[in-house]
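Taking it in order: structure first as structure tokens, then the write-up.
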Amino acid sequence: MVATPPSADSEHYIRCARLTKVFKDFWMRNRVTAVNEIDLDVRRGEVFGLLGPNGSGKSTTIKMILGLLHPSSGVISVFGKTPRDVSIKHDIGYLPEESYLYRFLNARETLDYYGKLFHQDRRKRQNRIDMLLEMVGLDKVQRRPIGEYSKGMQRRIGLAQALINDPKLLILDEPTTGMDPIGTRQIKDLIVQLKESGKTVLLCSHLLSDVEDVTDRAAIMFGGKVRRAGSIDDLLVRHDETTLTTPALSEAETEKMLQLLGKAGVHDVKVTQGRQRLESLFLEIVESAQREGVATAGAGNAGAVAAFLTESHTETDGQAKERGTSQVIDDLLSPATVQPSTAPLPSNKPIAAPVQKERVLEELTAPAPVAKPAAKPTTKPSNSSSARPETPNDAPSSAAPPTPPAAADQSILDDLMN
Amino acid sequence: MSKPLIRWLLILVALAAATAGFGALLWAQDMRPLARVVLVVGQVALVAWLTRGLFVWRHVGWVSQASRLILLTLGLGLIALLCEQLGHRAAAIMFVGIWAMSAAFMLGVELLRFAFSPGHPVLGVARTLVDEAIRMRLALVFVVGVVLLIPFLPFALAGETRLQYRVESFLTYAMMLVTMLLSLMTLLLACRTVSSELTQHQAFLTLTKPVGRMQYLAGKWLGLMGLNLLLAAVAGVGIYAFTQVLVTDALAQVGADPDRQIDYIATQEQVLSARRSTEPEPVNESALALDFKNRLYNLRLKNPRRFGNPDDPSTQVTDRQRGLVRFEAVREWMTIPNRSAQTYRFSGLEGAAAVGPTVQLRFEPRAAGQLNDNMVGLTLRINDRPFADARTSMPLARVRNSTWHVAYIESQLIRDDGTLDVTIFNDAPGQPTVRFEPNGGLEVFYSVGGFGPNLIRSIAVVWVRLAFLAMLGLAAATFLSFPVACMVCLLVFLAAVGSSYLDKSLSNYAAVYAQTDGVWAYATAAVGKFFAKVREGELFDAFKLVIRLIGETFTLAVPPMARYSPTPLLAGGRMVEWSLVGGAAWRIGVISTGVVGLFAAWVFHRREIARVTV
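Here it is, written out as structure tokens:
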């Protein structure tokens, strides 16, 4: 039985309670339980990741949230209403996992069509279409039929259609599938920027690094059930390992460090040379080629985030009036050329920063981080997407001060100081 | 429009105006050689500037359309010119017709897209359907069929020697062609657009926007109807134009040939007009009533169980049986034995007396026996005066058996009360009995309107029929796959078109006699007969009854399109009455389309759009 949705709650855009979807065969026998009594809630203003391997029930859940499938039992509430209520769809943007666009329309006609579905008048549609096409870098190929687009270009125009109504809630199903690293990075940047402008994003993916970069909270599904859920920080912190990041050390210095750690009883230490991320290298090369003016037949440079996507929410929050709209846009917009993430990657920081090794050692051995060795590690970055380590090797040192395990405690540090 | 584009347009207009202005000025000043030079140079510059602009701005929608139109005009114009030069005037006219219909269609599509451009979901869906129809080539095949075949038909029928038959055949084939092509296009397009959007998931995106499912279907239907309206209009104009081509061409060849003159006049009066007809009535109704009573009495004597006791009132005779007996009596009354005569009264002709100089007596004599030369000799008297044809001033000549003939009668002979008595003598020695079929075998026609409005009403009926087919296709595709939906729709379409034939066939296949009228009485009688047949061991007859019941249930559900067929009326020069258009609009356009539409909305509202097959 599907119960009526719970009452409206302005802090929860999506609420699912004991949500179940069973697919039946022709004889109405249960064939597959795609979603099995899951509880989910997506709060206003957050980026929520729905993770899981193929066939775990992510897309089925999203389709039930969108009203494309009906739950077998349980409750779904979107903006406090049932998903089949057409009125809620004014505030939803949806990017499906594949291109479900009309192949015979060109990019401009596609956006025009979806704009009409939101009752937008011609002037408003045209303004938004211009901004969105520039934002996704398809303004130069806007007259080509979608059927001639590459998969990545189709994803871009799919993203643009999801944003045509300036949605409060953006549902992205595998948004980076088929995208090149530039597009992937741009989408991740966009998600961060949309979040900063007050929008809520439900991100469904099995590309975990993408999700990790941008989400605040996540639920991991398997076999139709939610196995783990919570904030990304809570989910990812490892209590049995500490990562130290230093400027490049000589062999002797490394050896000395290992000896010191050995004296403290820490023997299982792994030392690796710092590496640049492949994504950063790729972006550098493309940026360089673009500076040289090398032509491409595909999507062009992505432009700034469409102004209407950031205007409405800042105005709603009363912030635009204080800072001025242009200031808000300036703050949010990235330059027209491909840039590294506005949520800066660790690899974009200077790898060999001119920092005195001694000073590093002093900082490392400063007593402050170990003042409470028994305390729970608190690697809380100021910006969840920018300061979070992507691999143990390139974990940032400044934003997330290392917290040694309780076993190493004060004695190791004493040795280091001697 | 961007500034460079506006600049290009302004220069184009300025160039055209300057060329025309200077040329005219110099011409008026009698500086003709210089005027010619200016005109030539100006035109060359104009063409060059136009070509450059069309190339540079080819990505702009309307420029691209204009380019296509210009290319089409140039291409077909050159071919038509070539045909004309080579002496193939018919081919030249055909290509001009193809160009005109194609250009009208292209412009119409742009108008349609403009009409669907406001920001509303229903209009958005409708416009996308139009784009889909044109760009995915499915509809284009049928459009090309209409645009090519209508201009081709008049010349394919050149074998007909008489203009009247040629025009009749053209109208019949053209209307059938348009009806069939547009019906198939509508069904295929309606089935395809919904089923493909469900299987290829475009509907996922549309229906996650603030678009109700009813709005989605309404948009699809509106788009289909818009496209049908455009095509029906283009086809209608094409049919009208080529009818005029046929007639004008014939007029040029009439000359002093009296046969051709008569043929031309007959075409104008019997085909290219809208005529009403009236059926004959007996001058003495009581004689017919007495005949009917006697027949009923005899039937009761023979079969009192079925027709009731002869001494009882006729309560046990159904209206249907009564109608059949009456039909037999009328048939008898319309039969004229040798050396006898019958007078038929035509009434309600007040309007005819006021309108035209003549009315037409249309008849088809059928001799009951063998004739040596297959000719029938009849003598007519009109209002008890000898008949003389209003065209030829001659009495009726011997006419061919089982063939339609028309005799012109002066309108002034119609009495003030609108009646006209026609007495027919079967007075040729040794000639067998001659009869006229009731319901159409003997009629008086009079003109009440022109061909153009009649064609418009015919096209309107066709369009109403397409409204049902569009909704049928959409409804089927909401829960069936494309091939299955197509098959179901074609079955319903064929049953609807042949509904009257199916009814007759089923009645003859397995007879059922009900004691009283009404569906319940009929159903009780049918079921009773079924069990009686089973008891008697006549299982095949019982099976035939089941087949009849299934067939009748099906024909009851489909709209009676055969009843609303304008083609025979149009080709026969009969008035396509507004009552027919209104009846079609109500019965097919509102009731049938509405019922199917509600069914589609119910199914589509309930179904899971993203249903997964596992």
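Residue numbers (the working numbering), protein chains in the order written: chain A, 1 to 418; chain B, 1001 to 1614.
By construction, the Cβ of each residue, glycine as well, lies at the ideal position given by its N, Cα and C atoms.
Computed from a predicted structure; not experimentally measured.
Outcome for residue i when other beta-carbon atoms lying within 10 angstroms are tallied against a minimum of 16
i: residue 1349 of chain B; result: buried
i: residue 1077 of chain B; result: exposed
i: residue 1074 of chain B; result: exposed
i: residue 1454 of chain B; result: buried
i: residue 1611 of chain B; result: exposed
i: residue 1487 of chain B; result: exposed
i: residue 395 of chain A; result: Caution applies to residue 395 of chain A, whose pLDDT of 35 falls short of 50 and renders its modelled position unreliable; the value that the coordinates give is listed next. Result: buried.
i: residue 1158 of chain B; result: exposed
i: residue 1238 of chain B; result: buried
i: residue 1059 of chain B; result: exposed
i: residue 1542 of chain B; result: buried
i: residue 13 of chain A; result: buried
i: residue 1185 of chain B; result: buried
i: residue 1509 of chain B; result: exposed
Whole-angstrom distance between residue j and residue i, CA atom to CA atom
i: residue 1229 of chain B; j: residue 1463 of chain B; result: 7 angstroms
i: residue 22 of chain A; j: residue 84 of chain A; result: 18 angstroms
i: residue 1020 of chain B; j: residue 1035 of chain B; result: 10 angstroms
i: residue 1056 of chain B; j: residue 1006 of chain B; result: 13 angstroms
i: residue 1525 of chain B; j: residue 1500 of chain B; result: 22 angstroms
i: residue 1585 of chain B; j: residue 1120 of chain B; result: 27 angstroms
i: residue 1155 of chain B; j: residue 1242 of chain B; result: 10 angstroms
i: residue 1422 of chain B; j: residue 1328 of chain B; result: 21 angstroms
i: residue 1569 of chain B; j: residue 1375 of chain B; result: 28 angstroms
i: residue 86 of chain A; j: residue 1485 of chain B; result: 28 angstroms
i: residue 1505 of chain B; j: residue 66 of chain A; result: 51 angstroms
i: residue 1089 of chain B; j: residue 1102 of chain B; result: 20 angstroms
i: residue 181 of chain A; j: residue 1124 of chain B; result: 35 angstroms
i: residue 1014 of chain B; j: residue 1044 of chain B; result: 14 angstroms
i: residue 963 of chain B; j: residue 1272 of chain B; result: An answer regarding residue 963 of chain B cannot be provided, because it is not within the stretch 1001 to 1614 covered by chain B.
Range of the contiguous beta strand (DSSP E) that encloses residue i
i: residue 32 of chain A; result: 30-43
i: residue 73 of chain A; result: 73-78
i: residue 21 of chain A; result: 12-24
i: residue 1343 of chain B; result: 1340-1346
i: residue 222 of chain A; result: 217-222
i: residue 48 of chain A; result: 47-51
i: residue 182 of chain A; result: Where residue 182 of chain A is concerned, there is no enclosing beta strand (DSSP E), although the alpha helix (DSSP H) it sits in stretches over 181-196.
i: residue 1409 of chain B; result: 1405-1410
Under 8 angstroms from the C-beta of residue i: neighbouring residues of chain B
i: residue 86 of chain A; result: 1210, 1211 and 1212
i: residue 92 of chain A; result: 1208
i: residue 96 of chain A; result: 1201, 1204 and 1205
Alpha helix (DSSP H) segment containing residue i, residue limits
i: residue 1595 of chain B; result: 1593-1606
i: residue 131 of chain A; result: 122-135
i: residue 285 of chain A; result: 278-291
i: residue 110 of chain A; result: 107-117
Chain B residues whose Cβ lies nearer than 7 angstroms to that of residue i
i: residue 63 of chain A; result: 1610
i: residue 281 of chain A; result: Neighbours of residue 281 of chain A on chain B: none; closest Cβ ~36 angstroms, over 7 angstroms.
i: residue 114 of chain A; result: 1209
i: residue 125 of chain A; result: 1119
i: residue 89 of chain A; result: 1208, 1209 and 1210
Amino acids of chain A, ordered along the chain, whose beta-carbon sits closer than 8 angstroms to that of residue i
i: residue 1030 of chain B; result: Near residue 1030 of chain B there are no residues of chain A at all, since even the closest Cβ is about 51 angstroms away, more than 8 angstroms.
i: residue 1202 of chain B; result: 100, 101 and 102
Residue i: contacting residues in chain A (beta-carbon distance under 7 angstroms)
i: residue 1136 of chain B; result: 104
i: residue 1206 of chain B; result: 117
Within chain B, partners of residue i - CB distance below 9 angstroms
i: residue 120 of chain A; result: 1119
i: residue 69 of chain A; result: 1608, 1609, 1610, 1611 and 1612
Contacts of residue i in chain A (Cβ-Cβ under 9 angstroms)
i: residue 1132 of chain B; result: 102, 104 and 105
**Q.** Interface positions of the stretch 196-216 of chain A facing chain B (Cβ-Cβ less than 8 angstroms), listed along the chain
**A.** Under the 8 angstroms Cβ criterion, the stretch 196-216 of chain A contributes no residue.
**Q.** Residues from the stretch 1223-1250 of chain B in contact with chain A, defined by Cβ distance under 8 angstroms
**A.** Residues: none.
Q: Taking only beta carbons into account, state which residues of the stretch 37-65 of chain A come closer than 8 angstroms to chain B, listed in chain order.
A: 60 and 63
**Q.** chain B contacts from the stretch 133-150 of chain A (Cβ-Cβ distance under 7 angstroms)
**A.** 143
Q: Would you list, in chain order, the members of the stretch 1570-1602 of chain B that have their beta-carbon closer than 7 angstroms to a beta-carbon of chain A?
A: none
Q. Which residues, in order along the stretch 168-195 of chain A, keep a beta-carbon less than 8 angstroms from a beta-carbon of chain B?
A. Legend: CB atoms of the stretch 168-195 of chain A lying less than 8 angstroms from CB atoms of chain B are not found in any residue.
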